[in-house]
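> This structure is in C-alpha cells; I'll ask about it shortly.
Written out as C-alpha cells, the structure is:
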C-alpha cells in the first residue's frame with residue numbers, strides 16, 4: 047500500500063531513529079549504570095518510543111480511514127473497484143466522487159456517528175480483522191462475496207449526516223415527504239429496493255445465490 | 002526500605018534485565034517503523050498490538066530495575 051509520508055510520519059520516524067541509536071549505543075558500549083545512563087534510558091526506553099508510538103497511532107488512524115486501506119484486503123477488492131470506478135453509477139461510486147468523501151468514502155459512509163462512534167467503528171474494524179483471519183484469509187472472491195454482508199441493516203442516520211431530510215429539495219420529492227417520519231426513524235431504509243437501492247449493487251446477485 | 006526478590010530472580014543481574022528491555026524496545030520500534038513506512042493492515046495491527054505491548058514491557062522492566070536499585074540503596078547517614 048502506498049505510504050503517506052506526512053510531517054507527522056517524519057517526526058515519528060525521527061523519534062524512533064533517535065531512540066534506536068541510543069538503545070544500540072547502550073547495548074554496544076555497555077556503560078556503567080550511573081545517573082547519566084539512567085536518564086538516557088528514560089528517554090531511549092520511555093519518552094522517545096512513547097512519542098513515536100503516539101504519533102504512529104494518529105498516523106495509523108488516519109491511514110485506516112482511506113479507501114485504499116479498506117481495499118487492501120483481497121475480499122474488498124471488488125467493493126474498492128466498484129467505489130473507485132469514475133464511470134460507475136452505484137451509490138458507493140457517486141459518493142466516492144464527492145470531494146467531501148473523497149478517498150475516505152468507505153469510512154465516511156460506514157463509520158458509526160454516535161458520541162462514541164469512533165470507538166465503536168474501530169471495534170467493528172477489529173471484528174472484521176478477526177473474521178478475515180479466521181474465515182476469509184484464503185477465501186476465493188466468489189465465496190467471500192456470497193457470505194460477506196453488513197452485520198446490521200445500514201442505518202439511515204449515516205445518510206442523514208449529510209442528507210438532513212429537512213431540505214426543501216428533499217421534501218419536494220413526494221416519496222420523501224410521504225415517508226419522512228419512517229425514514230427519520232429508520233423504519234424505511236434509504237438503501238432499500240424501490241428507493242435508492244444498495245450502495246454496492248454488484249454484490250447482491252452473489253448474496254442472493256444467483257452467482 | 003528493601004525489596005525482596007525471589008532467589009531465582011535475584012540471580013538475574015540488573016544489567017541483563019536492562020539489555021533485554023533495550024532489545025524489546027528495539028523490536029517494538031522496528032514494528033512501529035514498519036507501520037509508518039508500509040501502512041498495510043498487518044503492519045499497523047502488529048505495531049498497535051505487539052509493538053506497544055513490547056514497548057510497555059520494556060519500560061516496565063526498566064522501571065522495575067530502577068525501583069529495585071532505589072530500594073537497595075543504603076540509607077543516608
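Chains as they are written, first to last, in this note's numbering: chain A, 47 to 257; chain B, 2 to 78. Just so you know, even glycine gets a beta-carbon here, dropped at the ideal spot from N, CA and C. Keep in mind the model is a prediction, meaning the values are calculated, not measured.
Classify residue 49 of chain B: buried if its beta carbon has 16 or more other beta carbons within 10 angstroms, exposed otherwise.
Buried, because 16 or more other Cβ atoms sit within 10 Å of the Cβ of residue 49 of chain B.
> Identify whether residue 235 of chain A lies in helix, strand or coil by the three-state DSSP scheme.
Reduced to three states, the DSSP call for residue 235 of chain A is coil.
> Given a threshold of 16 other Cβ atoms within 10 Å of its Cβ, counted over all protein chains shown, does residue 62 of chain A qualify as buried or as exposed?
When all chains shown are included, residue 62 of chain A counts as buried.
> Quick one: which chain A residues come within Cβ less than 8 Å of residue 72 of chain B?
Ordered by position in chain A, no residue passes the 8 Å Cβ test against residue 72 of chain B, which lies about 15 Å from the chain.
> Would residue 175 of chain A and residue 46 of chain B qualify as a contact pair, given that the criterion is a beta-carbon distance under 8 Å?
Closer than 8 Å, so yes.
> So for residue 247 of chain A, helix, strand or coil by DSSP?
Three-state result, residue 247 of chain A: helix.
> Give the straight-line distance between the Cα atoms of residue 236 of chain A and residue 209 of chain A, rounded to the nearest whole angstrom.
Each residue's Cα considered, the two are about 11 Å apart.
> Pull out every residue of the region 31-44 of chain B whose Cβ sits closer than 7 Å to any Cβ of chain A, in chain order.
Answer set for the region 31-44 of chain B: 33, 34, 36, 37, 38, 39, 40, 41, 42.
> Verify whether the separation of the beta carbon atoms of residue 242 of chain A and residue 128 of chain A is less than 8 Å.
No, these two residues do not count as a Cβ contact at 8 Å.
> With three or more beta-carbon pairs closer than 8 Å as the criterion, would you say the region 125-145 of chain A touches the region 173-188 of chain A?
Flag = no, the region 125-145 of chain A and the region 173-188 of chain A do not touch.
> In this structure, how does DSSP classify residue 80 of chain A when only helix, strand and coil are distinguished?
Coil, per DSSP.
> Give me the chain A residues within the contact set of residue 13 of chain B, using Cβ-Cβ distance strictly less than 9 Å, ordered along the chain.
Ordered by position in chain A, no residue passes the 9 Å Cβ test against residue 13 of chain B, which lies about 14 Å from the chain.
> Look at the Cβ atom of residue 29 of chain B, then the Cβ atom of residue 52 of chain B, and state whether they are nearer than 8 Å.
A contact, by the Cβ cut-off of 8 Å.
> Take residue 222 of chain A and list the residues in its own chain whose beta-carbon comes closer than 6 Å to its own, dropping the five residues that flank it on each side.
Only 216 meet the Cβ criterion.
> Quick check: what's the CA-CA separation for residue 70 of chain B versus residue 103 of chain A?
Roughly 33 Å separates the two Cα atoms.
> Give a yes or no on contact between the region 180-192 of chain A and the region 141-159 of chain A, applying the rule of three or more CB pairs nearer than 8 Å.
Output reads no: the region 141-159 of chain A does not touch the region 180-192 of chain A.
> Does residue 196 of chain A come out as helix, strand or coil in the three-state DSSP assignment?
The answer is coil: DSSP assigns residue 196 of chain A none of H, G, I, E or B.
> With distances taken between CB atoms, is the gap from residue 68 of chain A to residue 90 of chain A smaller than 8 Å?
Contact: yes.
> So, are the CB atoms of residue 13 of chain B and residue 99 of chain A less than 8 Å apart?
No, they are not a contact pair.
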